[in-house]
Amino acid sequence: NPFCVPGDVWKSKRLQLSPLFAPNRNRIAIPYINDVTKRLLGYIEGGPESATMEFDVKDLCAKYTTDNVAAIAFGIDGESFTSTDAALKKMGDDIFKPTLWMGIKQQIIFLMPFLNQFLQVAWEFFDIFEDFWTIFVPF
50 NPFCVPGDVW
60 KSKRLQLSPL
70 FAPNRNRIAI
80 PYINDVTKRL
90 LGYIEGGPES
100 ATMEFDVKDL
110 CAKYTTDNVA
120 AIAFGIDGES
130 FTSTDAALKK
140 MGDDIFKPTL
150 WMGIKQQIIF
160 LMPFLNQFLQ
170 VAWEFFDIFE
180 DFWTIFVPF
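Going by the working numbering, 53 is the number at position 4 of the sequence shown; the sequence numbering is gapless.
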């Protein structure tokens, strides 16, 4: 995780990631973002059939982000707006699902990095990575 590493390791990771955000790469991503934005607007326009038209904004943003990452990074449709059980959306939900143990890990990693040097706390998403590979191995 580039946000949790110290000094020289951070510089090295930043140099690896910087080319991904170059203007030319961003221009390439614009058609994908526009396509996902059209799907988002279609989803909102065909939204809840209630008179209040209430949406869960956090869920909308998660779907939008998931579909953008799927389109830009992998060239696939994340299906977040069309499927209630989209695999990539479920993986994202599992990663960011709040649990007591995840909260403790975050506190140690982000707020007490000196303690993390001794405890070696790490993010553990092995089951999610297995799901990830089952989606992309056929490609």
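Quick reminder that beta carbons are idealized off the backbone N, C-alpha and C, glycines included.
In whole angstroms, what separates the C-alpha of residue i from that of residue j?
i	j	result
residue 133	residue 80	25 Å
residue 103	residue 94	12 Å
residue 56	residue 135	38 Å
residue 123	residue 116	10 Å
residue 66	residue 105	32 Å
residue 139	residue 163	33 Å
residue 108	residue 150	23 Å
residue 160	residue 92	39 Å
residue 144	residue 63	23 Å
residue 58	residue 131	40 Å
residue 152	residue 61	28 Å
With a Cβ-Cβ cutoff of 9 Å, do residue i and residue j count as a contact?
i	j	result
residue 118	residue 137	yes
residue 121	residue 71	no
residue 68	residue 76	no
Subject >> Meets three-Cβ-pair contact criterion under 8 Å: the region 121-130 and the region 78-95 >> reply: yes
**OP:** Assess, as a yes-or-no matter, whether the region 149-159 is touched by the region 105-112 under the definition of 3 or more beta carbon pairs within less than 8 Å.
**Re:** no
Subject >> Start-end ranges of the alpha helix (DSSP H) lying completely within the region 102-180, minimum 4 residues >> reply: 106-118, 136-145, 149-155 and 162-168
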